[in-house]
Ligand SMILES: [Cu+2]
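And the structure:
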């Protein structure tokens with residue numbers, strides 16, 4: 003027989019669990035790299051671990067020297083495997099709803115590298131390389 007006090011605790015724990023936003027439970031793979039002088043670029047895939055042959059949405063956030071988000075850039079992404087030549091894998095990156103978005107498909111298990119080319123009006127092109135340590139077989 004459960005005592006009223008512990009029943010109440012159970013009820014509270016259940017409530018607490020139900021109140022955890024689903025965003026916190028959703029797995030993501032997020033990689034941050036320095037860019038420009040004092041800025042940074044964050045590449046976030048909406049899955050973890052990453053899996054082969056799976057349409058995986060991603061977002062890219064670009065922060066400039068001043069700490070402000072950069073929104074006027076053209077971004078080009080190239081996905082490669084450092085260990086071997088692979089067919090070109092260049093998902094389009096588009097700006098919408100206040101973020102850069104795209105969808106990646108990793109065609110093979112193993113380590114990948116994402117090269118991001120950032121073109122901004124009036125600036126030299128910046129290249130940022132993200133190491134993706136492991137894509138798992140689906
Ligand atoms: Cu490969």
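In our numbering, the protein residues as written are 3 to 140.
Beta carbons: idealized from backbone N, C-alpha and C, even for Gly.
Could you spell out the range, first to last residue, of the beta strand (DSSP E) harbouring residue i?
i: residue 102; result: 101 to 106
i: residue 76; result: 76 to 82
Determine the closest residue to residue i out of the options, with distance taken between C-alpha atoms.
i: residue 67; options: 90, 38, 105; result: 38
i: residue 89; options: 123, 109, 120, 105; result: 109
i: residue 128; options: 78, 56, 30, 139; result: 78
i: residue 72; options: 105, 132, 120; result: 120
i: residue 65; options: 40, 103, 92; result: 40
Give me the DSSP bridge partner(s) of residue i.
i: residue 62; result: 45, 102
i: residue 116; result: 81, 132
i: residue 37; result: 41
i: residue 138; result: 53
i: residue 31; result: 47
Point to revise | Inter-stretch contact at 8 Å, needing at least 3 Cβ pairs: the segment 110 to 122 / the segment 44 to 62 | key: yes
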